[in-house]
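To start, the structure itself, in structure tokens.
Residue numbers (our numbering), protein chains in the order written: chain A, 4 to 365; chain B, 4 to 365; chain C, 4 to 365.
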């Protein structure tokens, strides 16, 4: 039987790829079992928990690269974050919540269009304490930021003797025909500079978010409801224009690797004199105890002022032992605590997690 | 260790496939960067935008075919539409919003059961102007229709010397035990006839949608809120039984390919004398300017009458340049405008898009 | 061009797998076409329907296993249930609604962490009548239960001469800091014992669900709205602590395979004297009529008492013919009816389905 032409048309419309597939299917499954304790103003609750992503966020994805000749390549990546403990998507409104982009790379560098990691995140995430884990002290105590963005345009430079740079721009596409039509769109603009050579890694990054709340301080205390935390703080402080700066790096001494960073966050509110400032630092050390066994320790702190007055502090520390069963699979044990203290007030919140987990890349 | 029988039972229940996989993973990533301007009654707004699917809708999917012997095959396809600019699913209520079916094919033709493209869509989508792009003039100015359907039964005939035909039937399964239990179910019935031979393609298709709104006129003007458009039109006109007829085709002269089509849409409202009629046409030309460079131009128009009185007109035009970097990857630049004019009224809406994009199949 | 280090950092952060992929992509597509009739208190409606999963639930998934040496393996599985007739996810709040776990296996057995099938389900689903189909009489007439659980810890023993066992524990992680903070978390605890040797399969399983409704009786009558069914029953009976016990098995005589099981369900309501008890049984036979043709017949019954008083009965029977076109693909025809009779009341509901379908594994 000859193939129906309609069927052929449908196949063509469906973008049927050539015979040899060019897609790589990959992912990571990370689950831990342990205890999650939360205290808000002395009121505490402890859940025994199975949770996703102690070290890395669980995910699955598709990616590929096509050689177009002359050094030019077409690249794409689609990646979905998963809460492996429940099978839920990290963001159920998204098919691919972590990455979703297509672009070209060549001698000029690389361009990506779509949902991309911000250039700030590329630098920030390269030097968190404690194995860059989700439970790193800096990820628990520092203020949150937009680590990825919709509608992104990203440029990544070539590598010049260890130096590289990256720019990300994204517009909210939220201007409209209503009375407030003269409003400019919300946006994220992000710059990252990176140097890596032998044992040395140094990075600097800057990010500007327009009309986006910080929000992130809440993400620093998993298990504590955002509303509970917000109730501890003055209202109206969490909307506006926010800038982030980070300077970080690491040095590998062989017997140990030191990791550290300084961060400064400033948030201004449109039409208001208030400004929120945060000064943050983190410090970590990673020690190879044996061929397959690594110890990581980290400490991080964020001090937040409202128009020059102390507002609140968050501190976090983390310790983790990672035992590698193979290049792709490890087991780990970890303990982490994050604390928020409201200045000039007895209000505080604390979150303590410990447990053991499995991390498997595929 | 012997494998636990319980584990084996679980694996069997999970439908563990044979060792050699029979699945093809495929997809398409299409993103463009540009400007999206919308004007409603002179009130205009322009967003700089990164958008998905200028030429083809971004997607990923799974498909496969098993040879059962004697010419018989089992086939399936699962395909999800993606807004690549944000990572969102096109329809977040669906795991596979574009296709989701299983069926058999052989000397008798092909049968598909599940969520399928309608036979009308197979013909309609085979001769849109401007490379069958999403931004083709006909896709922007013509009224919308159900291009795919849940609960579908589809038959595709074998190819007889260039002729083939297709039938699609789908019932809404929405009869119920309430007072209105005598209601018949909503439905889509669709027929497509197709002839292709050398440079000639001709198609005719008919589709009948019961108890479905047109709705599609709104999809023709991306960026303009449906509610805004509806406010421009008389109420009550957009629900009822709708029939679609299309006659289209193309002829490839070598130095250029001409594409065109005529469409007629009629909507009647249950228990009301009103009827909505649309007469539509489109015309396009595709010119190979160089080995890898193609120019496409298209114009489309829809004229809508309410019970014989002029109601509104939509017109659209599109121009696109596509430069192929490989069989799988191209870059493009495009400009398209669609306009809705309400007759005997100053009301109008206009949408203008232009930009450059990347289209990559995998 | 050297690869940008930032790009490398992004790739590392994305958990880029090693070159040789270790993922198996698999799935199952099962759709049937037929008639679905529902009667509630004599009020009936019949829909012609295309439905997903007559024999097995349609699904797609990713799974893999890494040999870590010394008999140890790292394993994972991600599996999403699909309504193939519409392309919808079975549970749209989940990326992987059926399974989502990672774990280790070795001489000690297997451990899985995440969303897992309960040990009770492993046994229960090994001996349903009529090919273990979704439309098996026991799946239609018996009360429902949690067949899988979030936050699960599962242990599967090695196989000792045909014997194996399994344990599943899951906590709801729903303790909180509110006034009711002393509440214990909801939970599922489940035990399964299994023996298989030659023609004999025997299983026993126990499951305890805390603070979960039965709910499942409603799932036994597809097409009848849960609210309609609930309206037939006394209120307040469907919340509390529930225990399930099942004893089942099969014997393959060669010319026929007998399948059967007994189930006991007890639900108590916190702080109330009421208890709901169900006594259930099912019986089935599977007969190979020819090399590729199998007939399955099943009958199941559930009798529910409220504090010793008869409350309602559900009965179901199913007949199915399955013709295998290959190891992966079969076509089938089936008829199934389930009925709910409320004792001491004229209230009743009935659901009758028949149709033909395709079942294709990939």
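Every residue, glycine too, gets a C-beta built ideally from N, C-alpha and C.
Note that the structure is a prediction, hence the values are computed from the model and not measured.
- Query: Going along chain B, which residues have a C-beta under 9 Å from residue 127 (chain C)?
  - Reply: Neighbours of residue 127 (chain C) in chain B, taken as residues at a C-beta separation under 9 Å, are lacking, since the least C-beta distance is about 11 Å.
- Is residue 263 (chain A) close to chain C, meaning its C-beta is less than 8 Å from at least one C-beta of that chain? no
- Does DSSP classify residue 334 (chain A) as helix, strand or coil? strand
- Query: Name the chain C residues that come within less than 9 Å of residue 63 (chain A), Cβ to Cβ?
  - Reply: 26, 65, 81, 98 and 99
- Item | Contact under 8 Å by Cβ, residue 105 (chain A) with residue 116 (chain A) | yes
- Length of the line joining the Cα atoms of residue 347 (chain C) and residue 206 (chain C): 36 Å
- For residue 2 (chain B), decide whether its Cβ has a neighbour in chain C, counting only Cβ atoms nearer than 8 Å. Outside the displayed range of chain B (4 to 365) lies residue 2 (chain B), so it cannot be described from this structure.
- Message: Which residue wins for smallest C-alpha separation from residue 158 (chain C), given the options C:85, C:175, C:164 and C:123?
- Response: C:123
- Starting from the beta carbon of residue 105 (chain A), find every residue of chain F whose beta carbon is closer than 7 Å, and list them in chain order. Any reference to chain F falls outside this structure, whose protein chains are A, B and C.
- Message: I need the boundaries of the alpha helix (DSSP H) containing residue 142 (chain B), first residue and last residue.
- Response: 140-144
- Query: Measuring CB to CB, does residue 56 (chain B) end up less than 8 Å from residue 33 (chain B)?
  - Reply: yes
- For residue 306 (chain B), which residues of its own chain have a beta-carbon under 7 Å away from its beta-carbon, when the five flanking residues on both sides are left out? 281, 282 and 316
- Query: Closest to residue 53 (chain B) by CA distance: which of B:358, B:263 and B:365 is it?
  - Reply: B:358
- Item | Spatial distance of residue 221 (chain B) from residue 327 (chain A) (CA atoms) | Note that residue 221 (chain B) scores a pLDDT of 40, beneath 50, so its modelled location is shaky; the value from the coordinates is reported in the next line. Each residue's Cα considered, the two are about 56 Å apart.
- Query: residue 147 (chain C) to residue 262 (chain C), Cα distance in whole Å?
  - Reply: 20 Å
- Item | Three CB pairs or more closer than 8 Å across the stretch 93-105 of chain C and the stretch 90-109 of chain A | yes
- Does the beta carbon of residue 95 (chain B) sit closer than 8 Å to a beta carbon anywhere in chain A? yes
- With burial defined as no fewer than 16 other Cβ atoms inside 10 Å of the residue's Cβ, what is the status of residue 43 (chain B): buried or exposed? buried
- Query: Does the beta carbon of residue 92 (chain B) sit closer than 8 Å to a beta carbon anywhere in chain A?
  - Reply: yes
- Query: Relative to the C-alpha of residue 80 (chain C), which residue among C:319, C:61 and C:107 is closest?
  - Reply: Of the listed residues, the one whose Cα sits closest to residue 80 (chain C) is C:107.
- Check whether the Cβ of residue 321 (chain A) lies closer than 8 Å to any Cβ atom in chain C. It does not: the Cβ of residue 321 (chain A) has no partner Cβ on chain C nearer than 8 Å.
- Item | Listed by chain order, chain C residues near residue 328 (chain A) by CB distance under 9 Å | 69, 71, 72, 75, 77 and 107
- Query: Hey, does residue 51 (chain B) have any beta-carbon neighbour from chain A nearer than 8 Å?
  - Reply: yes
- Item | Interface partners of residue 1 (chain A) on chain B, CB under 7 Å | Not covered by the structure: residue 1 (chain A). The range shown for chain A is 4 to 365.
- Message: Need the endpoints of the alpha helix (DSSP H) that residue 122 (chain A) sits in, please.
- Response: 122-127
- Any 3 or more C-beta pairs closer than 8 Å across the stretch 319-339 of chain B and the stretch 350-364 of chain A: no
- Query: Hey, is residue 112 (chain C)'s beta-carbon within less than 8 Å of any beta-carbon in chain A?
  - Reply: no
- Query: Are the beta-carbon atoms belonging to residue 36 (chain B) and residue 156 (chain A) less than 8 Å from one another?
  - Reply: For the 8 Å CB-CB criterion, residue 36 (chain B) and residue 156 (chain A) form a contact.
- Have a look at C:278, C:247 and C:259 and flag the residue whose alpha-carbon is nearest the alpha-carbon of residue 265 (chain C). C:247
- Interface partners of residue 170 (chain A) on chain B, CB under 7 Å: Those within 7 Å of residue 170 (chain A) in chain B number zero; the least Cβ separation is about 14 Å.
- Since residue 102 (chain C) sits in a beta bridge, which residues does DSSP pair it with? C:82
- Message: For the beta strand (DSSP E) containing residue 70 (chain B), name the first residue and the last one.
- Response: Its beta strand (DSSP E) spans residues 62-72.
- Query: For residue 47 (chain A), does the count of other Cβ atoms within 10 angstroms reach 16, so buried, or fall short, so exposed?
  - Reply: exposed
- Exposed or buried, which one is residue 154 (chain B) when buried takes at least 16 other CB atoms within 10 Å? buried
- Should residue 244 (chain C) be flagged as near chain A, meaning a C-beta pair shorter than 8 Å? no
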